[in-house]
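Residue numbers (this note's numbering), protein chains in the order written: chain C, 1 to 286; chain X, 1 to 415.
Next comes the structure, spelled out in structure tokens:
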């Protein structure tokens, strides 16, 4: 039946977008244990920057990479200049990132006004693909493909490179890692910058799909939280599976139980938290 | 440390001069008439809120901050778009700033939070927010509304959909909050009374990242009415087009869904959408030409209903001051005078008020077209003298409960 196929394909597309959003959050929150409430703001900021560049006539991928780079820089600065001083204490981190999120929201409002911005889908990604007799916008499939590429890239980076090994060592036991000569603080700045950059990249990819408007930041933040909690903190595989799970839950849940629209995403998270507090793929912290 | 004699002298002169300066206008002219604007400049509703401020600012600039010979001062307060913020800011402008009149707020739930408060403090309020009952079953003698109730435009849309567009089976989709409920219920009532059937009603939450699962449920209908507000129409209409419904199933909208100010955020997906609104930027009245030109010159934007609503509110204040002259500071007299205001030339056409303080005016049916690469809402039909009760008997209308998500009940729903 058409309805179910549409929903299935859309679930995968939403899952791809959610992964772009939450992979960065998984790095920052899962690996570094920083409850970064600015993650939605990074997403929104990336989207606004991307939309501005697109409006000036830049190529979509140029715009995406430029705002990714900008967000990496912003993220790195925030980690180095602000979060660094808090010594890993979660309460001040929550307050600081929440305050930062408000500041970013107001700055965006000043710079980009309250009008919603919706860039057209880039020309070479426009068009429809026929999936099993059903037409589907190409752009959403591109999001999925990009999400998967990022997933593989991150997996290779964290699990198979020397840099990844250093990061894991720094996360597991920072003092010992320092003793063996790993520059943990530099690594953490790098990871935070990477997380922010991924959020910014996700923002540009999501812009033609979601549009950009004030308040987008706090719409995306809970989604990132749900995905990471469901999938398990610190696990990229968890974030990947969690994203697609949420994509399916959201689409089928809204269609099958419209009266439960408000709880459809939070209910499974609650169940997981009760039955398996570390999340689906999370490690038990000893 | 030494104090130079000259410094002391200068200080004494300055303070003396300021006393004189303060006293002089008190003799020559009364204190300025204070207008407090409750608007939203932060958060998701900021787009409309910023337009509200621009609308009243454009009006006051045109009048050189003088209404009917009286100097006017505008105080702007940002409610943040929530009821608690609206209450705090209403207290601030009434008790600290002692404003003569309040313009705003933007959202229905904000208005509901302060309606009793302005009544207790006898401060007239000119609302943009649409909450029906404030000018109906719980009419407030201090409130007038020159914009529209939630249902005022969608009654017209429902009637037009059945009689002129000849649509039989329709689905509705709208944000799940008071403004959406009231709009859709009014649409459903007028549409079904004119012979149509609403077979599906969908209520996505106000915060919905992706409308696809809702659009997928629409099913076999001739048309869809959407009542989205804020930035949601932009997102909704893109998904609607992406899923291939555009061009196959007619799309109709309420005034917030296709507001002229929103056009620059929309693309080809909006072409062909028919909407009902109390204001059209293309309206051919002298004040509207001035207003649109001023908005484009000062802010580079096309005004929509939010900005126009505040411009008209300013005109109402001017008319009331003119009627009262020296008595304009009496807030009770001002509230009465505002109810009696009748204007022939406003950006939205002629305006007068019913005994409950709600506007009776024109409602435009518009179709979105693309001209020279720009989207415009072309007016295709104008309904004159539309009241909040549409064609229904006033007493009977008020005898029924206020419109809600489930009232009047939808009898033709299918699964």
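The C-beta atom is built at its ideal place from N, Cα and C for all residues, glycine as well. The structure presented is a predicted model; accordingly, all values stated were derived computationally and were not measured.
Between residue i and residue j, what straight-line distance do the alpha-carbon atoms span, to the nearest angstrom?
i	j	result
residue 9 of chain C	residue 213 of chain X	11 Å
residue 138 of chain X	residue 115 of chain X	10 Å
residue 61 of chain X	residue 72 of chain X	11 Å
residue 146 of chain C	residue 410 of chain X	44 Å
residue 219 of chain C	residue 37 of chain C	12 Å
residue 108 of chain C	residue 277 of chain X	30 Å
residue 185 of chain X	residue 317 of chain X	32 Å
residue 113 of chain X	residue 37 of chain X	16 Å
residue 63 of chain C	residue 49 of chain C	8 Å
residue 34 of chain X	residue 100 of chain X	5 Å
residue 355 of chain X	residue 143 of chain X	11 Å
residue 134 of chain X	residue 213 of chain C	30 Å
residue 205 of chain X	residue 376 of chain X	29 Å
residue 102 of chain C	residue 197 of chain X	45 Å
residue 407 of chain X	residue 233 of chain X	24 Å
residue 155 of chain X	residue 47 of chain C	38 Å
residue 107 of chain X	residue 130 of chain X	7 Å
residue 230 of chain C	residue 35 of chain C	16 Å
residue 91 of chain X	residue 216 of chain C	30 Å
residue 128 of chain X	residue 259 of chain X	14 Å
residue 127 of chain C	residue 276 of chain C	42 Å
residue 118 of chain X	residue 3 of chain C	50 Å
residue 271 of chain X	residue 373 of chain X	11 Å
Under a CB-based cut-off of 7 Å, is residue i close to chain X?
i	result
residue 268 of chain C	no
residue 245 of chain C	no
residue 48 of chain C	no
residue 122 of chain C	no
residue 3 of chain C	yes
residue 159 of chain C	no
residue 100 of chain C	no
residue 175 of chain C	no
residue 255 of chain C	yes
residue 59 of chain C	no
By the three-class DSSP mapping on this structure, what secondary structure does residue i have?
i	result
residue 378 of chain X	strand
residue 275 of chain X	strand
residue 61 of chain C	helix
residue 188 of chain C	helix
residue 22 of chain X	With a pLDDT of 45 at residue 22 of chain X, under the threshold of 50, the predicted position of this residue should be treated as unreliable, though the coordinate-derived value follows. Of the three classes helix, strand and coil, the one that applies to residue 22 of chain X here is helix, per DSSP.
residue 346 of chain X	coil
residue 321 of chain X	helix
residue 251 of chain C	helix
residue 172 of chain C	helix
residue 103 of chain X	strand
residue 91 of chain X	helix
residue 315 of chain X	helix
residue 405 of chain X	coil
residue 366 of chain X	strand
residue 253 of chain X	strand
residue 197 of chain C	helix
Closest Cβ-Cβ distance between residue i and chain C: below 7 Å?
i	result
residue 218 of chain X	no
residue 43 of chain X	yes
residue 365 of chain X	no
residue 205 of chain X	yes
residue 374 of chain X	no
residue 174 of chain X	no
residue 212 of chain X	yes
residue 321 of chain X	no
residue 46 of chain X	yes
residue 242 of chain X	yes
residue 396 of chain X	no
residue 235 of chain X	yes
Please indicate yes or no: does the CB of residue i lie closer than 6 Å to some heavy atom of the ligand ZN?
i	result
residue 112 of chain C	Among the ligands in the structure shown, none appear at all, so the ligand ZN cannot be discussed.
Between residue i and residue j, which are expected to be in contact by the criterion C-beta below 8 Å, what is the C-beta distance as a whole number of angstroms?
i	j	result
residue 309 of chain X	residue 147 of chain X	4 Å
residue 360 of chain X	residue 387 of chain X	5 Å
Closer than 8 Å by beta-carbon distance: list the chain A residues that pair up with residue i, in chain order.
i	result
residue 265 of chain X	Looking at the structure shown, chain A is missing, and the protein chains on hand are C and X.
task = Decide if the region 233-246 of chain C is in contact with the region 24-36 of chain C; the criterion is three or more beta carbon pairs, one per stretch, under 8 Å apart.
result = The answer is yes - the region 24-36 of chain C touches the region 233-246 of chain C, with three or more Cβ pairs under 8 Å.
key: Any 3 or more C-beta pairs closer than 8 Å across the region 312-320 of chain X and the region 340-349 of chain X   = Contact between the region 312-320 of chain X and the region 340-349 of chain X is present, with at least three C-beta pairs closer than 8 Å.
task = Count the C-beta pairs between the region 82-101 of chain X and the region 292-302 of chain X that are closer than 8 Å, then say yes if the count reaches three, no if not.
result = The region 82-101 of chain X, when compared against the region 292-302 of chain X, does not touch it at the 8 Å Cβ threshold.
query = Does the count of Cβ pairs from the region 7-22 of chain C and the region 81-95 of chain C closer than 8 Å reach three?
reply = At 8 Å Cβ cutoff, the stretches do not touch.
task = Pair every Cβ in the region 324-336 of chain X with every Cβ in the region 243-261 of chain X, then say whether three or more of these pairs are closer than 8 Å.
result = No, because fewer than three Cβ pairs between the region 324-336 of chain X and the region 243-261 of chain X fall closer than 8 Å, the two stretches do not touch.
Meets three-Cβ-pair contact criterion under 8 Å: the region 248-267 of chain C and the region 198-212 of chain C = No, because fewer than three Cβ pairs between the region 248-267 of chain C and the region 198-212 of chain C fall closer than 8 Å, the two stretches do not touch.
query = Are the region 210-227 of chain X and the region 157-169 of chain X in contact at 8 Å, needing three or more beta carbon pairs?
reply = Three or more beta-carbon pairs drawn from the region 210-227 of chain X and the region 157-169 of chain X are found closer than 8 Å, and the two stretches are therefore classed as touching.
task = Report yes or no: do three or more beta-carbon pairs, one from the region 118-128 of chain X and one from the region 66-80 of chain X, lie closer than 8 Å?
result = A contact between stretches requires three or more CB pairs, one per stretch, nearer than 8 Å, and the region 118-128 of chain X fails this requirement with the region 66-80 of chain X.
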